[in-house]
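Presented below is the structure to which this report refers.
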Amino acid sequence: DYDGDGYSTCDGDCDDIDHDVHPGAPEQCNFDDDDCDGLPGADELDEDGDGVLVCGGDCDDHDPLFWPGATEICDMQDNNCDGVIPPDEADADQDGTPECWGDCDDQNPNVYPGAVEIPGNGIDDDCDGVVL
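Under our numbering, the first residue of the sequence shown is numbered 3, with each subsequent residue one higher.
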């Protein structure tokens with residue numbers, strides 16, 4: 003037992019130089035097999051290849067656009083894993099179009115790009131900048 007952790011290689015210690023690595027040790031967020039079971043911890047995978055582990059804050063390890071510090075893109079999702087969808091990406095009126103997609107009145111579900119323009123109502127229904 004070279005590292006003094008109470009386990010030798012004969013006892014299953016897979017790294018007898020590191021006292022934090024031995025059978026039954028808690029898994030750390032480090033890509034290593036700390037508990038000597040032959041696998042890193044379940045949250046130590048990087049399935050989307052973005053270089054960020056789930057244990058390191060990756061909130062969607064199946065999509066490389068999601069990780070702490072990622073740039074928010076207009077997709078109505080939390081790309082930077084801070085738990086907040088940016089206000090311009092929220093769809094407050096539930097018309098399927100957030101402000102960042104061109105909804106010029108996200109409080110009115112009848113106003114969005116491509117909506118039918120209703121002449122004489124004083125509203126830019128289709129968000130083209132023209133009120134009929």
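In this text, a Cβ means the ideal position worked out from N, Cα and C, and glycines have one as well.
Check, Outcome
"Reference Y114, options P121, G122 and C102, closest by Cα", "C102"
"Burial state of F68, where buried means 16 or more other Cβ atoms lie within 10 Å", "buried"
"Contact check, C57 vs C76, beta carbons under 8 Å", "no"
"Beta-carbon proximity check, C106 vs D126, cutoff 8 Å", "yes"
"Distance between beta carbons of E29 and D36, contact taken as under 8 Å", "5 Å"
"Beta-carbon proximity check, D50 vs P66, cutoff 8 Å", "yes"
"With 16 other Cβ atoms within 10 Å as the buried cut-off, status of P70", "exposed"
"Option nearest D95 by Cα separation, candidates Q109, P88, V86 and G104", "Q109"
"Environment of L134 [buried if 16+ CB atoms lie within 10 Å]", "exposed"
"Every unbroken beta strand (DSSP E) within the region 10-63, with a cutoff of 3 residues, ordered by chain", "none"
"Of the listed residues L47, G53, E91 and D18, nearest to C38 (C-alpha basis)", "D18"
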